[in-house]
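Scroll down for the structure; my scribbles are underneath it.
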């Protein structure tokens, strides 16, 4: 096979894959509630989320709103988003070189807030970390799915086609962020979709809409006028598990080194 022919086939395959992803993403928009999305162009957006750790108060409203909006099973271990509380104790004066080990809890996924177990004077520091699917640009879950049920849409959202999903759990194991679960009602995988049925109609995500402090901000990286650009410029941001090189699109400001 000549180089030109090989390149032509490679380019054609890439185009077909991209077109297929766009078609499936649009089909996803048209299913059920997302059908009210006239004129949405999957190629004109690249969605992301900004989370300011210092603003999160651990109220759990985001978790509750997500469960209600997306019909997530009520049990704590079924969550599209959840909040973890980290408590980093002070250094041990007898071993000042040892790194303090954080204590992490997330009762009911943080849905109903957190009981006070670290009152003032306890020492150390406590903070809250909202977590969700990171909608990676290089998604491990997409790579391992044997039937193509998990796919990356052209607007940067990682979606699951439940008509194709066989519930094999490969993607659940491959996700480095622990954000996927098997829906007990359908035996198919479920996770955060960035409220795709909302954002394709010009709305924000349910979790961002109810956040009382603005700790979560949703934005379009392809829109130069979107406020998310100002947030990313004004803050030193990080992603979870950067060593995984997944191309995460959930950016954290004020992320402590203790967060894992």
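Numbering (our numbering), first residue to last: 39 to 298. Note that beta-carbon positions come from the ideal geometry of N, C-alpha and C, so glycine has one too.
Using CA coordinates, which residue listed in 185, 170 and 224 is at the minimum distance from residue 213?
Translated into the one-based positions of the chain shown, residue 213 becomes position 175. Minimum Cα distance to residue 213 is reached at 170.
Compare the beta carbon distance of residue 89 and residue 289 with 9 angstroms and say whether it is the shorter of the two.
One-based indexing of the chain shown puts residue 89 at position 51. One-based indexing of the chain shown puts residue 289 at position 251. For residue 89 and residue 289, yes; Cβs fall inside 9 angstroms.
Cβ-Cβ separation, residue 232 to residue 173 (assumed contact under 8 angstroms), whole Å
To locate residue 173, count along the chain shown from 1; it is residue 135. To locate residue 232, count along the chain shown from 1; it is residue 194. That belief holds up - the Cβ atoms of residue 173 and residue 232 are roughly 6 angstroms apart, short of 8 angstroms.
Note down, one range per segment and in chain order, each beta strand (DSSP E) of at least 3 residues found wholly within the stretch 98-150.
119-126 and 141-143
Give me, in chain order, the residues of the same chain whose beta-carbon lies closer than 6 angstroms to that of residue 297; leave out the 5 immediate sequence neighbours on both sides.
For the purposes of this step, residue 297 is taken as the residue at position 259 of the chain shown. Within the same chain, residue 297 has close Cβ partners 167.
Taking residue 255 as part of the beta strand (DSSP E), name the residues at either end of that continuous run.
Here residue 255 refers to the residue found at position 217 of the chain shown. Counting along the chain, the beta strand (DSSP E) containing residue 255 begins and ends at 254-258.
Straight-line Cα distance separating residue 284 from residue 278:
Locating residue 278 in the chain shown gives position 240, counting from the first residue. Locating residue 284 in the chain shown gives position 246, counting from the first residue. Computed Cα separation, rounded: 10 angstroms.
Using 9 angstroms as the threshold, is the C-beta distance between residue 257 and residue 86 below it?
Locating residue 257 in the chain shown gives position 219, where the first residue counts as 1. Locating residue 86 in the chain shown gives position 48, where the first residue counts as 1. Cβ distance < 9 angstroms, so residue 257 and residue 86 count as in contact.
Integer-rounded CB distance, given that residue 128 should sit under 8 angstroms from residue 161:
Here the question's residue 161 lines up with position 123 in the chain shown. Here the question's residue 128 lines up with position 90 in the chain shown. Confirmed, Cβ separation roughly 5 angstroms.
So what's residue 168 in DSSP terms, helix, strand or just coil?
By one-based count along the chain shown, residue 168 stands at place 130. Residue 168: strand per DSSP, three-state reduction.
Enclosing beta strand (DSSP E) for residue 86 [first to last residue]
Locating residue 86 in the chain shown gives position 48, where the first residue counts as 1. Segment 85-90, the beta strand (DSSP E) holding residue 86.
Helix, strand or coil at residue 211 [DSSP, three-state]
Position 173 of the chain shown holds residue 211. Reduced to three states, the DSSP call for residue 211 is helix.
What's the call for residue 72, buried or exposed, on a 16-neighbour Cβ count within 10 Å?
Taking the first residue of the chain shown as position 1, residue 72 is located at position 34. Residue placement at residue 72 is poorly supported in this model, since its pLDDT is 49, which falls under 50; the coordinates still yield a value, given next. By the 10 Å Cβ count, residue 72 comes out buried.
In terms of residues, what are the limits of the beta strand (DSSP E) holding residue 95?
The sequence position of residue 95 within the chain shown is 57, counting from 1. No beta strand (DSSP E) contains residue 95, which DSSP labels as neither H nor E.
Would you mind working out which of 81, 186 and 77 sits nearest residue 261, comparing C-alpha positions?
On the chain shown, position 223 is the one that residue 261 refers to. If we check each option's Cα against that of residue 261, 81 comes out closest.
Does the stretch 110-128 touch the stretch 174-192, meaning 3 or more C-beta pairs lie closer than 8 angstroms?
no
Rounded to the nearest angstrom, what separates residue 143 and residue 124 at their Cα positions?
Position 105 of the chain shown holds residue 143. Position 86 of the chain shown holds residue 124. If I take the Cα positions, the gap works out to 7 angstroms.
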